[in-house]
Amino acid sequence: MTATQTVIEIGPFQLALCLGFVCLAGATSFYHKLDLGRDLFVGTIRTFAQLFLMGYVLKFIFDAHYSWLVILIYSGMVAAAAHIIKGRVKERSIPFVKPMYVTMLLTYTLVSFLVTGVIIGAEPWWTPQYFIPMGGMIIGNSMTAIAIALDRLFSDLKSRRAEVEMKLALGADYREASQDILRDAVKAGMIPSINSLMAVGLVSLPGMMTGQILAGADPLIAIRYQIVVMLMIVAATSIGSLLITGLVRRKCFSTAQRLILR
Amino acid sequence: MPIILDRVSFAYDNGPAILTNASLTIEPTSYALVRGPSGAGKSTLLRLLCLLEEPQSGQILFSGTSVTDIPPAELRRSMAYVQQMPTLLEGTVRDNLRLPFSFKVNENLAPPSDTDLEAHLAKFLLDGVTLEARANTLSVGQSQRVCLIRSLLLHPKAILMDEPTASLDADSARVVLDKAAELAQGGMTVIMISHSETTPPGVTHTIRINDCQLEYV
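Top to bottom, those sequences are chains A and B.
Under the numbering used here, the letters of the first sequence match residues 1184 to 1445, in that order.
Under the numbering used here, the letters of the second sequence match residues 198 to 414, in that order.
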């Protein structure tokens, strides 16, 4: 990346100034009895702690430059995403976490590898400066899609049970009986990613691009990175949610092709 | 070949027992009426027969083979189950009647022509319903008959009907009951849940579910 200007560093004084603004928000909350003081306090502390921790971890990983460490951190990020999805999806009777984690790990690793190794051409492909943030963006964005798709899959299989069983009773296999439901679920998960493709540059300036520009990159280079990231997010999201909803749907039916989910 | 329930036990998850070691043989030429108190498991019995529920123990044999050894799609095609609440999809009456022919297991069957479908509709006193009519404009009674026709188009060996006349007016109910008797006479096994006190014409057996057991009365 060509630096067109030097990055202006944010020092402790500037950070403290920001804290002052948060205190102002806290005071407003107190004055209007919004009862947000505690959340604001915890949120601020967590932002500081988590980001400082992440900063040091990233610095350590970048300096260490071990492939196993990068893969380990990456697997941990996918595991965290799987855990968050598990929390968002309310259904508990179908064991979906394991197939979901394995599929996420394989799909995202493949897509992240394509981005860093093939498209960007980082040498080696797991170069942490590229692999971790790119992978993180792919995981973070498609995580939401998978959570929405799974939640929709489960709730539709329950609410449209009569339709599924009607088709089964007429000789449909479980795939045929739940084809419409699967399609609706994957679509519901994909809509936010597709919308973001429509809105980018007009409504939203994505964080990564903004970050690169702030760090001194040429906007024309920054947008190329952003294009790669957005397309890869959509690709990973569609492949991931299709595979995962497909696998999880199988688990909603018994071997006798009976809808187990109630 | 008969339908045999051999020491079948079933309960829904965390629910009370519906059947406990229940055994019963239904002869192929039977027109059996299923009776029993509300919640006794009449619908569950039909759902067990077409494998929409699976027994916790015991086995169900259809034509001498355990239903679990028959590919589910094939079993359900030969043992047609017509739900209590008719379920039609968005689209026309024709789309709904042809739906089963879009499934893999039925791909060797020729889809019925419009003339066939219209003849079926007429037989069930649905002359006023066109094939182009939107399925969601039909009354519950009309939908119920369309669902019945849809199942019969697959030429099943047995038909399981869950209170098919519950939402029909007297005339339409009579048409459905006459049709059931005709099917039974033609050699099809007919198993029908009924709440009505009167026994429809042609019924050969009455099965009673009580205290988790099945018996002929």
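Just so you know, even glycine gets a beta-carbon here, dropped at the ideal spot from N, CA and C.
Just to confirm before moving on: does the CB-CB distance between residue i and residue j stay below 8 angstroms?
i, j, result
"Glu-315/B", "Leu-328/B", "yes"
"Tyr-1291/A", "Gly-1318/A", "yes"
"Met-1320/A", "Ile-1254/A", "no"
"Leu-249/B", "Arg-1343/A", "no"
"Gln-253/B", "Phe-207/B", "yes"
"Ser-220/B", "Leu-202/B", "yes"
"Leu-1330/A", "Ile-1268/A", "Strictly speaking, residue 1330/A in this sequence is Ala, with Leu absent from that position. Yes, these two residues count as a Cβ contact at 8 angstroms."
"Leu-351/B", "Ala-277/B", "yes"
"Ser-1437/A", "Glu-379/B", "no"
"Thr-284/B", "Cys-247/B", "no"
"Leu-1202/A", "Leu-1340/A", "no"
"Met-385/B", "Met-358/B", "no"
"Met-1260/A", "Ile-1322/A", "yes"
"Ala-1345/A", "Gln-280/B", "yes"
"Ile-1315/A", "Ile-1404/A", "no"
"Thr-1428/A", "Leu-1365/A", "yes"
"Ala-377/B", "Pro-353/B", "no"
"Gly-1394/A", "Phe-300/B", "no"
"Ile-406/B", "Gly-233/B", "yes"
"Ala-1400/A", "Val-1294/A", "no"
"Asp-1367/A", "Arg-1335/A", "yes"
"Gly-1220/A", "Ser-1325/A", "no"
"Leu-230/B", "Ser-369/B", "no"
Counting only beta-carbon atoms, is residue i nearer than 8 angstroms to chain A?
i, result
"Leu-318/B", "no"
"Tyr-278/B", "yes"
"Leu-286/B", "yes"
"Pro-199/B", "no"
"Asp-203/B", "no"
"Arg-347/B", "yes"
"Asp-324/B", "no"
Identify every residue that forms a DSSP beta bridge with residue i.
i, result
"Arg-232/B", "Arg-405/B"
"Gln-410/B", "Asn-407/B"
"Gln-208/B", "It should be noted that the sequence gives Ala, not Gln, for residue 208/B. Partner(s): Ala-214/B."
"Gln-256/B", "Asp-203/B"
"Ala-331/B", "A small fix is needed here, since residue 331/B is Arg in this sequence, not Ala. The partner list for Arg-331/B (beta bridge, DSSP) reads Thr-289/B."
"Tyr-1408/A", "None; Tyr-1408/A has no bridge partner."
"Val-387/B", "Tyr-228/B, Ile-356/B"
"Phe-1436/A", "Leu-1442/A"
"Ala-277/B", "Ile-356/B"
"Val-1383/A", "Ser-1387/A"
"Leu-221/B", "Leu-202/B"
"Thr-262/B", "Phe-259/B"
Does the beta carbon of residue i sit closer than 8 angstroms to a beta carbon anywhere in chain B?
i, result
"Gly-1304/A", "no"
"Met-1260/A", "no"
"Glu-1274/A", "no"
"Tyr-1313/A", "no"
"Ser-1437/A", "yes"
"Leu-1340/A", "no"
"Arg-1441/A", "yes"
"Arg-1432/A", "no"
"Gly-1354/A", "yes"
"Met-1349/A", "yes"
"Ala-1419/A", "no"
"Ala-1345/A", "yes"
"Ile-1277/A", "no"
Interface residues of chain C around residue i at Cβ under 9 angstroms?
i, result
"Arg-1445/A", "The chain inventory of the structure shown lacks chain C, comprising the protein chains A and B."
Inset, instruction - Check distances from the C-beta atoms of the region 238-253 of chain B to those of chain A and list, in chain order, the residues that come in under 8 angstroms. - result: Cys-247, Leu-248, Leu-249, Glu-250, Glu-251
Inset, instruction - Check whether the region 1361-1368 of chain A touches the region 1428-1435 of chain A, counting contact only when three or more Cβ pairs, one atom from each stretch, lie closer than 8 angstroms. - result: Yes, the region 1361-1368 of chain A is in contact with the region 1428-1435 of chain A.
Inset, instruction - Give, in chain order, every residue of the region 294-305 of chain B whose Cβ lies closer than 8 angstroms to some Cβ of chain A. - result: Leu-296, Pro-297, Ser-299, Phe-300, Lys-301, Val-302, Asn-303
Inset, instruction - Determine, using beta-carbon pairs with one atom in the region 206-213 of chain B and one in the region 1368-1379 of chain A, whether at least three such pairs fall under 8 angstroms. - result: Result no; under three Cβ-Cβ pairs closer than 8 angstroms.
Inset, instruction - Specify whether the region 283-295 of chain B and the region 368-387 of chain B touch according to this definition: at least 3 beta carbon pairs, one from each stretch, less than 8 angstroms apart. - result: no
Inset, instruction - Can you give me, in chain order, the residues of the region 1357-1388 of chain A that have a beta carbon less than 8 angstroms from any beta carbon in chain B? - result: Glu-1359
Inset, instruction - Check distances from the C-beta atoms of the region 349-360 of chain B to those of chain A and list, in chain order, the residues that come in under 8 angstroms. - result: Leu-351
Inset, instruction - Count the C-beta pairs between the region 1409-1423 of chain A and the region 1378-1390 of chain A that are closer than 8 angstroms, then say yes if the count reaches three, no if not. - result: yes
Legend entry - Selection of the region 258-274 of chain B by Cβ proximity to chain A, strictly under 7 angstroms: Thr-265, Pro-269, Ala-270, Arg-273, Arg-274
Legend entry - Members of the region 385-410 of chain B near chain A, C-beta cut-off 7 angstroms: Within the region 385-410 of chain B, no residue has a Cβ that lies closer than 7 angstroms to any Cβ of chain A.
Legend entry - Stretch pair the region 332-349 of chain B + the region 256-273 of chain B: three plus CB contacts closer than 8 angstroms: no
Inset, instruction - Examine the Cβ distances between the region 1296-1312 of chain A and the region 1232-1249 of chain A and report whether three or more of them are shorter than 8 angstroms. - result: yes
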